[in-house]
Ligand code: ADP
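Structure, rendered in structure tokens:
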């Protein structure tokens, strides 16, 4: 069975992420979308909220699983019997860092391959940070994140404001 892991912060999941998940699910027997818990970024949504969002938006994809991990990705992959890391590329600016990570992961475990998928052009400008910025400034999130989670994102921001 060909198992791939798609790691990221998904804070929150965007239509750009979902596009990669859908396309990857057609290539692999199983795709595990996994939230990195030990990221340096201070998240807006808890890991539980992010898992809930991802589960909501992937509920129609039978071979997609949602999980979270901390520590080294290669160790987590071994645990899951996965050999392929999926990464999305939006622009040249993503490349340098991702290239370094791919080489390091391959050095840590030479059996691991990183597969880069190009963003669909209509999502190339999307990132979780820009979505959060728009949401904070009360802009419309339609088309940026899946419809099912718009209300919850807006609600959370409203609550944080008090
Ligand atoms: P960000 O906070 O930059 O949106 P994450 O850390 O959650 O992203 O990203 C997880 C993965 O998804 C990374 O491989 C990232 O390059 C990819 N990704 C993020 N946004 C897009 C997009 N719009 N199109 C394609 N890939 C994307």
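Numbering (the working numbering), first residue to last: 39 to 200.
Even glycine gets a Cβ: it sits at the ideal position worked out from N, Cα and C.
Keep in mind it's a predicted model, so treat the numbers as computed, not measured.
C-alpha distance - residue i paired with residue j, whole-angstrom precision
i, j, result
"residue 113", "residue 140", "14 Å"
"residue 149", "residue 41", "13 Å"
"residue 99", "residue 64", "10 Å"
"residue 127", "residue 155", "6 Å"
"residue 92", "residue 104", "7 Å"
"residue 66", "residue 166", "25 Å"
"residue 181", "residue 54", "10 Å"
"residue 82", "residue 69", "25 Å"
Cβ-heavy atom distance, residue i to the ligand ADP, below 8 Å
i, result
"residue 105", "no"
"residue 127", "yes"
"residue 115", "no"
"residue 131", "no"
"residue 84", "no"
"residue 155", "yes"
"residue 177", "no"
"residue 66", "no"
"residue 48", "yes"
"residue 90", "no"
Coarse secondary structure for residue i, derived from DSSP in three states
i, result
"residue 166", "helix"
"residue 198", "helix"
"residue 100", "coil"
"residue 82", "coil"
"residue 105", "strand"
"residue 74", "strand"
"residue 150", "coil"
"residue 181", "coil"
"residue 121", "coil"
Identity of the residue in the options nearest residue i by Cα
i, options, result
"residue 189", "50, 116, 109", "50"
"residue 48", "146, 42, 184", "184"
"residue 124", "52, 61, 106", "61"
"residue 76", "69, 84, 70", "84"
"residue 122", "131, 107, 147", "147"
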